[in-house]
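A.B. asks:
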Amino acid sequence: MASTGPPQSLKRPDSSLTREGDQLIITPLGAGNEVGRSCVYMSYKGKTILFDCGIHPAYSGMAALPYFDEIDPSTIDVLLVTHFHLDHAASLPYFLEKTTFKGRVFMTHATKAIYKLLLSDYVKVSKVSVEDMLYDEQDILRSMDKIEVIDFHQTLEVNGIRFWCYTAGHVLGAAMFMVDIAGVRVLYTGDYSREEDRHLRAAEIPQFSPDICIIESTYGVQLHQPRHVREKRFTDVIHSTISQGGRVLIPAFALGRAQELLLILDEYWSNHPELHNIPIYYASPLAKRCMAVYQTYINSMNERIRNQFANSNPFDFKHISPLKSIENFNDVGPSVVMASPSGLQSGLSRQLFDMWCSDKKNACVIPGYVVEGTLAKTIINEPKEVTLMNGLTAPLNMQVHYISFSAHADFAQTSTFLKELMPPNIILVHGEANEMGRLKQKLITQFSDRNTKIISPKNCQSVEMYFNSEKMAKTIGRLAEKTPGVGETVSGLLVKKGFTYQIMAPDDLHVFSQLSTANVTQRITIPYTGAFGVIKHRLKQIYESVESLPDEESEVPAFRVHERVTVKHESEKHISLHWTSDPISDMVSDSIVALVLNISREIPKVVVESEAIKTEEENGKKAEKVIHALLVSLFGDVKLGENGNLVISVDGNVAHLDKQSGNVESENEGLKERVRVAFQRIQNAVKPIPLSVS
Amino acid sequence: MGTSVQVTPLCGVYNENPLSYLVSIDGFNFLVDCGWNDHFDPSFLQPLARVASTIDAVLLSHPDTLHLGALPYAMKQLGLSAPVYSTEPVYRLGLLTMYDQYLSRKQVSEFDLFTLDDIDSAFQNVTRLTYSQNYHLFGKGEGIVIAPHVAGHLLGGTVWKITKDGEDVIYAVDFNHRKERLLNGTVLESFVRPAVLITDAYNALNNQPSRRQRDQEFLDVILKTLRGDGNVLLPVDTAGRVLELMLILEQYWTQHHLNYPIFFLTYVASSTIDYVKSFLEWMSDSIAKSFEHTRDNAFLLKHVTLLISKSELEKVPDGPKIVLASMASLEAGFSHDIFVEWATDAKNLVLFSERGQFATLARMLQADPPPKAVKVTMSKRVPLVGEELAAYEEEQERIKKEEALKASLSKEEEMKASRGSDNKLGDPMVIDTTTPPASSDVAVPHVGGLRDILIDGFVPPSTSVAPMFPFYENSSEWDDFGEVINPEDYVIKDEDMDQATMQVGDDLNGKLDEGAASLIFDTTPSKVISNELTVQVKCMLVYMDFEGRSDGRSIKSILSHVAPLKLVLVHGSAEATEHLKQHCLKHVCPHVYAPQIGETIDVTSDLCAYKVQLSEKLMSNVLFKKLGDYEVAWVDAEVGKTESGSLSLLPLSTPPPSHDTVFVGDIKMADFKQFLASKGIQVEFSGGALRCGEYVTLRKVGDASQKGGGAIIQQIVMEGPLCDEYYKIREYLYSQYYLL
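Chains E and A, in that order, are what the protein sequence lines are. The opening position of the first sequence corresponds to residue 1 in the numbering used here, with each subsequent residue numbered one higher. The opening position of the second sequence corresponds to residue 1001 in the numbering used here, with each subsequent residue numbered one higher.
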């Protein structure tokens, strides 16, 4: 059912046309066996969806982008962004503004509001050369106009793709997307956490089980300590460090988890008056601007924080002061500084790290997941020396603590989540290869009794699955007055909208859809001066049914031909034809018109007959030619053999066809039969019907 | 057969009374809306009382009294106990509206129909949904999906879509198709051909001026009064249309740098605005957009001062000002008091932004011509003094004593019972946990409580033979490794650090304003004194329609667009209902119902349907033609059976029978004219027909205006003499259709 083929370009049109419609393809363009630049491509039944659009924080410029060149952006119908973190949203302006993408983009209200602030900041902070810049502030502003919002649980439909989202925990506004295409459901979790914390809700468990679950595996098989233990460790480390006169550096991403840490610190300070003279700095101008967002979207947060809002704003911190830059920082004694970026790549957190790393009284608390390739990842292993920004090396004497507050699911959460959902297919993304491998093994053992497929594709490696989509139609209206038994026939209009089918009688079309039907009545007048009876007489020779209409219905003599077309003798000089359009009636009327014109012309008939005799031979020749041409188009290699026979050779098999009798000789039975049937049919079409003696 | 659908109005048909209807779908009873009026007249609820216990779910559509006012009373007194569904703003603002109603009433009367606690408990089991969330009911309602959709009118206002087996029942009252400052327009028009549509006829006879003109007049009349040194009173609802009015004023004041003070006065004003600030997702696109760009919440009001008591207003220095005060009906609340004060001054203006409810003071004042004088009852709650106080205290004392006696009696009884059970457990030290904690009940005197504690544990169970102090034998078990322990005893408990803070401030009470809170917890004995007085109405009275409902013309066009198979009309004066009924019979659909109260009408659709599977073989031979959102094809198929026993369609084994050709498509003469013109053919309209070229004419007969008839097959007549042009035009005409 599922197979991972070698990486292949998705742009190439698929040759296997037969099952193409039922083939579901999922390709990670980023975050496949890695953390960062989340971007997962999915296509099914000609509908294409992209989940997330991030960058890799450890790289810069084009190298940080997901592998967009693997896909054709113009074919994507919907792009869904789960949350505002850079590794999930930061390549969006690039994708919207610099590619041929013309689909629709959705994210939650809170995500959209923070997205703009965060990316503007990202553009300002990232110190790369101009040509390496993926986009600028203007691109972000323009992208804002294209982004549409979706509320949690709100069901939207675009081009027959139905999708809605669930709370994912993780950060404010984070969502898990459920996509439903023609009854096949795919859940993309993005980053999620099943643990409720100080301000966020836990991720919901969807009501319906998806057919495929694309799930993050950041923490693999690790287990988190209980939250209160982590919080205690966190506060204890800080408390002991500052009581020894040291400084604490917390490199954290500006938004999201930082708010949670600040809530913890602020509360701890409130409960410990002895600490009130120790300053806590939060070096992020961004956070202040985001406060309005945090204050507005309280409905996306948990009950606890909403209750606190009743009294005062919990995000209005009493013990935490903002810090603009290192120049404004007066480093005189113990202090706690939270600064971005979280990976210590550059910026304020790195500047402070360089200043403090050689003093063993100081401490650095790494509060969340760190991406491979960043300094923060390096110092977790506590090397003896580190390289400073100016290129010198310095001893690493400061204590390094790794206490994870990043709201990603751990193994326990992942496994219970999957147990509840029971998806038949699981695709792991967003995790380092090793962690992911371990998780995969463990899940395989856990779900061994069920027929669960667990796949962890690499970047650009496609996962192909087939879903037997059973097309169901609903027969409604007049057609459905009686449910037919087996063997009876059903004829009607099949109307498809999105992925729903309905069968109905043409008269019901306007009732059940916005379409309508029409009748076109035609009335054509033809100049004719002859006797009306002549027409009727002539027509009787062609048509079986030519009936005079009773006089009371129309004042003028009239008759009906083939029960379709009414011919009226309007005046001495005109006759008129009435009919309701359809191909047959149109043909009948055309023949009447031709006949009437012929009569009017009064051309002697003799000419026609003599002509007919002369052409007999010609006709025969023409027929031969036609037969030959048709056979060539069918079989390709057709040569004229002796005795007027035709020699047809297909793939080395030869057949001889006798044009007079229609006999075929060939060693290959299949070919013989096919040629015979083909010739018979052509013969029937080309040769005139033998007239039986009447 | 289709899904069985019955509608029974419980209140609010052929008049403008509160809304409340029973919609039963395959035996599952929905109560849609549960309204009451500002008089809180229990007689309205008679029909509801009869069916309250059979209701399975309640759907609320708007956060005002007319749509949800009776919920607390029905929950408490009428035995309504079904789960309630609404959007988050309807829940929250509805709750605040009810608080405001209660507090306004309590101030002027001995209001005892429900209490604040009843309101809280009624709203406790509200399930909150977001717009276009498909919520699948379970249990009895299995298979039914409900979904709220944008209605406009009020924040969170809902058009309910109830779906079962692919058939939609839509309940849409008080919708607004126009986009306003606060809200987006309704999405009602996006529903096409629902099986049943229930809508109101409230505005069927009203037509509105354009919004721009209306807004301008509104501001003009206000400014004129203010400049003439008068005060403006806007009687408003608690948390509904007032938000739109505030935005209009706020915006105008900012643009023109005005500094006349604006006050918003309700018992819950500040919490209302606090909550509204967090409902940005539910507001119009432009508000959301401005927040994304500037992070300025539209409800960070710079010019409007929020007040929650009248004494605060009295502190404000004299001078022209605007006061938006609840209730719109002027029956009670701040608006009533302020009206009485201001009505006698000709400089002042009372501006009604909505039609008053029937038989209220507001309605009387909106009459034309307005009355010269009105009789009002001024009521006031005053603390008891002197003899009355003494009598009250005596009475309270007596009640307390009785309760204490009762309590102690029941305690003893309970104690006996619990003793009995204790005995069976053989552990007399267990402190009786079955006794409810007495401390919360203030009425129980402390002595009683104390005695209970003393008795606990020390009185020997009456049934035990030899009373003794409890004694436990230390029976610890040992094995090879020492004492056998229970590892669980040593596990560090997962104590929740939040626990303490979680307790702080109950969700509902915590959000109540202090002033209001003081009123609730004010236990000073007080009474209500009333006196009737006649107020000379000298001030200017103006009514402007800021109700935010679609007007008659738009309703009609929306209805004919939605074109339900069956239409039920409710809520609206008798004339309006009758008018709309006649209109719809002619132009919308042949099945229009306007039931009376208590009359059950059956709107089960006579639609037949069955499901078939489309076999792969058949589908591979079907060529679809695309037409807008639809794809259409003609199928001839043979019925077969699948393995699972359901019907499936297979390709015919015999040649298909011929069928009448169907022209699918909708042609607009004007569009076709353009099309022909672009092909270089001279076209013009003359006498209702389209003249193409020199001779050919095209006519449309029996067109869409006859929608009611059921068959809306377009009839196109094409006439002309035999010529080339005729065939050319015919070809173009055919190209506009799909021939199947």
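Note that the Cβ used here is the ideal one computed from N, Cα and C, for glycine as well. None of these values were measured; they are calculated from a predicted model.
With a threshold of 8 Å between beta carbons, is glutamine 1613 of chain A in contact with chain E?
C.D. replies: What you label residue 1613 of chain A is simply residue 613 of the second sequence in a count that begins at 1. Yes, its Cβ sits closer than 8 Å to a Cβ of chain E.
A.B. asks: Have a look at glycine 1505 of chain A and serine 1043 of chain A and give me their C-alpha separation to the nearest angstrom.
C.D. replies: On the second sequence, position 505 is the one that residue 1505 of chain A refers to. On the second sequence, position 43 is the one that residue 1043 of chain A refers to. Reliability of the predicted coordinates at glycine 1505 of chain A is poor, the pLDDT of 38 falling under 50, and no value is obtained from them.
A.B. asks: Within its chain, find whatever has a CB closer than 7 Å to the CB of glutamate 137 of chain E; leave out the 5 residues flanking it on each side and keep chain order.
C.D. replies: As a first step, residue 137 of chain E is located in the first sequence; it is residue number 137 there, counting from the start. Around glutamate 137 of chain E: Ser120 and Val123.
A.B. asks: Between the alpha carbons of asparagine 598 of chain E and tyrosine 543 of chain E, how many angstroms are there, rounded?
C.D. replies: Position 598 of the first sequence holds residue 598 of chain E. Position 543 of the first sequence holds residue 543 of chain E. Near 17 Å, if we compare the C-alpha coordinates of tyrosine 543 of chain E and asparagine 598 of chain E.
A.B. asks: Taking leucine 1541 of chain A as the reference, which of A:Ile1555, A:Glu1354 and A:Glu1483 has the closest Cα?
C.D. replies: For the purposes of this step, residue 1541 of chain A is taken as residue 541 along the second sequence, with counting starting at 1. The option with the nearest alpha carbon to leucine 1541 of chain A is A:Glu1354.
A.B. asks: I'd like to check one pair, valine 1632 of chain A with leucine 1739 of chain A: are the Cβ atoms closer than 8 Å?
C.D. replies: Here residue 1739 of chain A corresponds to residue number 739 of the second sequence, with the count starting at 1. Here residue 1632 of chain A corresponds to residue number 632 of the second sequence, with the count starting at 1. No, they are not a contact pair.
A.B. asks: So which of A:Cys1011, A:Asn1029, A:Glu1016 and A:His1062 has the shortest CA-CA distance to leucine 1048 of chain A?
C.D. replies: The sequence position of residue 1048 of chain A within the second sequence is 48, counting from 1. Taking only the C-alpha atoms, the option nearest leucine 1048 of chain A is A:Cys1011.
A.B. asks: Give, in chain order, every residue of the region 1653 to 1687 of chain A whose Cβ lies closer than 9 Å to some Cβ of chain E.
C.D. replies: Answer in chain order: Thr1654, Pro1656, Pro1657, Ser1658, His1659, Asp1660, Thr1661, Val1662, Phe1663, Val1664, Gly1665, Asp1666 and Ile1667.
A.B. asks: CB-CB under 6 Å to aspartate 637 of chain E, same chain, minus the five flanking residues each way: which ones, in chain order?
C.D. replies: The residue labelled residue 637 of chain E in the question sits at position 637 within the first sequence. Taken in chain order, the residues that qualify are Ser649.
A.B. asks: Which residues in chain A have a C-beta closer than 7 Å to the C-beta of alanine 292 of chain E? List them in chain order.
C.D. replies: As a working note, residue 292 of chain E is residue 292 in the first sequence. Ordered by position in chain A, the residues that pass the 7 Å Cβ test against alanine 292 of chain E are Arg1295 and Asn1297.
A.B. asks: Report the start-end ranges of each alpha helix (DSSP H) in the region 1603 to 1654 of chain A that is 4 residues or longer and not cut off at the edges.
C.D. replies: Fully enclosed alpha helix (DSSP H) runs of 4 or longer: 1616 to 1620.
A.B. asks: With respect to the beta strand (DSSP E) encompassing isoleucine 49 of chain E, which residues constitute its N-terminal and C-terminal limits?
C.D. replies: Start at 1 with the first residue of the first sequence, and residue 49 of chain E comes out as number 49. Counting along the chain, the beta strand (DSSP E) containing isoleucine 49 of chain E begins and ends at 47 to 51.
A.B. asks: Excluding five sequence neighbours on each side, which residues of the same chain lie with their C-beta closer than 7 Å to the C-beta of valine 1760 of chain A?
C.D. replies: No statement about residue 1760 of chain A is possible, as the shown extent of chain A runs from 1001 to 1740 and does not include it.
A.B. asks: On a Cα-Cα basis, can you pick out the residue from E:Met422, E:Leu549 and E:Val675 that is closest to arginine 450 of chain E?
C.D. replies: Within the first sequence, residue 450 of chain E is the residue found at index 450, counting from 1. The candidate whose alpha carbon is nearest that of arginine 450 of chain E is E:Met422.
A.B. asks: Please say whether serine 491 of chain E and valine 1090 of chain A have beta carbons closer to each other than 8 Å?
C.D. replies: In the second sequence, counting from the first residue as 1, residue 1090 of chain A sits at position 90. In the first sequence, counting from the first residue as 1, residue 491 of chain E sits at position 491. Their beta carbons are not under 8 Å apart, which means valine 1090 of chain A does not touch serine 491 of chain E by this criterion.
A.B. asks: Determine, for tyrosine 1726 of chain A, whether the minimum Cβ-Cβ distance to residues of chain E falls below 8 Å.
C.D. replies: By one-based count along the second sequence, residue 1726 of chain A stands at place 726. With 8 Å as the cut-off, tyrosine 1726 of chain A counts as an interface residue toward chain E.
A.B. asks: Here's the rule: buried if 16 or more other CB atoms are within 10 angstroms of the residue's CB, otherwise exposed. What is phenylalanine 1123 of chain A?
C.D. replies: As a position in the second sequence, residue 1123 of chain A is number 123, starting the count at 1. Buried is the call here.
A.B. asks: Just to confirm the assignment, what range does the beta strand (DSSP E) spanning lysine 1277 of chain A have?
C.D. replies: Along the second sequence, one-based indexing puts residue 1277 of chain A at 277. Unbroken run through lysine 1277 of chain A is the alpha helix (DSSP H), 1269 to 1277; no beta strand (DSSP E).
A.B. asks: Could you check whether the Cβ of arginine 1193 of chain A sits closer than 8 Å to any Cβ belonging to chain E?
C.D. replies: Here residue 1193 of chain A refers to the residue found at position 193 of the second sequence. Chain E, which has a Cβ nearer than 8 Å to the Cβ of arginine 1193 of chain A, makes this yes.
A.B. asks: Going straight from the alpha carbon of valine 229 of chain E to that of isoleucine 1338 of chain A, what length do you get?
C.D. replies: Counting from one through the first sequence, the residue named residue 229 of chain E turns up at place 229. Counting from one through the second sequence, the residue named residue 1338 of chain A turns up at place 338. Taking the straight line joining both Cα atoms gives about 58 Å.
A.B. asks: In its own chain, which residues sit with a C-beta less than 8 Å from the C-beta of alanine 1677 of chain A, not counting the 5 before and 5 after it?
C.D. replies: On the second sequence, position 677 is the one that residue 1677 of chain A refers to. Within the same chain, alanine 1677 of chain A has close Cβ partners Val1683.
A.B. asks: With a threshold of 8 Å between beta carbons, is proline 484 of chain E in contact with chain A?
C.D. replies: For the purposes of this step, residue 484 of chain E is identified with residue 484 of the first sequence, where counting begins at 1. So, interface residue.
A.B. asks: Just to confirm, is the Cβ distance from isoleucine 298 of chain E to valine 336 of chain E under 8 Å?
C.D. replies: What you label residue 298 of chain E is simply residue 298 of the first sequence in a count that begins at 1. What you label residue 336 of chain E is simply residue 336 of the first sequence in a count that begins at 1. Not a contact, by the Cβ cut-off of 8 Å.
A.B. asks: Short of 6 Å in beta carbon distance, which residues of its chain neighbour asparagine 425 of chain E, apart from the five on each side in sequence? Order them along the chain.
C.D. replies: What you label residue 425 of chain E is simply residue 425 of the first sequence in a count that begins at 1. Closer than 6 Å at Cβ, skipping near neighbours: Ile212 and Lys453.
A.B. asks: Using 8 Å as the Cβ pair cut-off and three pairs as the minimum, do the region 515 to 534 of chain E and the region 1188 to 1207 of chain A touch?
C.D. replies: No, the region 515 to 534 of chain E does not touch the region 1188 to 1207 of chain A.
A.B. asks: Checking contacts by CB at 8 Å: is proline 7 of chain E closer than that to chain A?
C.D. replies: Here residue 7 of chain E refers to the residue found at position 7 of the first sequence. Any reading at proline 7 of chain E must be qualified, since the residue scores a pLDDT of 44, below 50, and its modelled position is unreliable; no value is offered.
A.B. asks: My guess is that leucine 1116 of chain A and glycine 1094 of chain A are in contact by the Cβ rule of under 8 Å, so how many angstroms apart are they, rounded?
C.D. replies: Here the question's residue 1116 of chain A lines up with position 116 in the second sequence. Here the question's residue 1094 of chain A lines up with position 94 in the second sequence. The pair is not a contact, with the Cβ atoms about 14 Å apart (cut-off 8 Å).
A.B. asks: Whose Cβ in chain A lies nearer than 8 Å to the Cβ of threonine 111 of chain E?
C.D. replies: The residue you call residue 111 of chain E lines up with position 111 of the first sequence. Neighbours of threonine 111 of chain E on chain A: none; closest Cβ ~11 Å, over 8 Å.
A.B. asks: Please report the Cβ distance between methionine 291 of chain E and phenylalanine 315 of chain E, rounded to the nearest whole angstrom; I am assuming they are in contact, meaning their Cβ atoms lie under 8 Å.
C.D. replies: As a working note, residue 291 of chain E is residue 291 in the first sequence. As a working note, residue 315 of chain E is residue 315 in the first sequence. Between phenylalanine 315 of chain E and methionine 291 of chain E the Cβ distance is about 6 Å, and since that is below 8 Å, they are a contact.
A.B. asks: Quick one: what's got a C-beta closer than 7 Å to valine 607 of chain E's C-beta in the same chain, skipping five residues either side?
C.D. replies: For the purposes of this step, residue 607 of chain E is taken as residue 607 along the first sequence, with counting starting at 1. Because the pLDDT at valine 607 of chain E is just 45, under 50, the model does not fix this residue reliably, and the value given afterwards should be weighed accordingly. Excluding sequence neighbours, valine 607 of chain E sits near nothing in its chain.
A.B. asks: For phenylalanine 1138 of chain A, does the count of other Cβ atoms within 10 angstroms reach 16, so buried, or fall short, so exposed?
C.D. replies: Here residue 1138 of chain A refers to the residue found at position 138 of the second sequence. When all chains shown are included, phenylalanine 1138 of chain A counts as exposed.
A.B. asks: With 8 Å as the C-beta to C-beta threshold (strictly closer), list the residues of the region 1086 to 1113 of chain A near chain D in chain order.
C.D. replies: Among the protein chains of the structure shown, namely E and A, there is no chain D.
A.B. asks: Could you tell me whether the region 242 to 258 of chain E touches the region 349 to 368 of chain E, where touching means 3 or more Cβ pairs closer than 8 Å?
C.D. replies: Flag = yes, the region 242 to 258 of chain E and the region 349 to 368 of chain E touch.
A.B. asks: From the beta carbon of proline 1721 of chain A, is the nearest beta carbon of chain E less than 8 Å away?
C.D. replies: Counted from its first residue, the second sequence places residue 1721 of chain A at position 721. Yes, because at least one Cβ of chain E sits closer than 8 Å to the Cβ of proline 1721 of chain A.
A.B. asks: From what residue to what residue does the beta strand (DSSP E) around asparagine 519 of chain E run?
C.D. replies: Taking the first residue of the first sequence as position 1, residue 519 of chain E is located at position 519. Its beta strand (DSSP E) spans residues 517 to 527.
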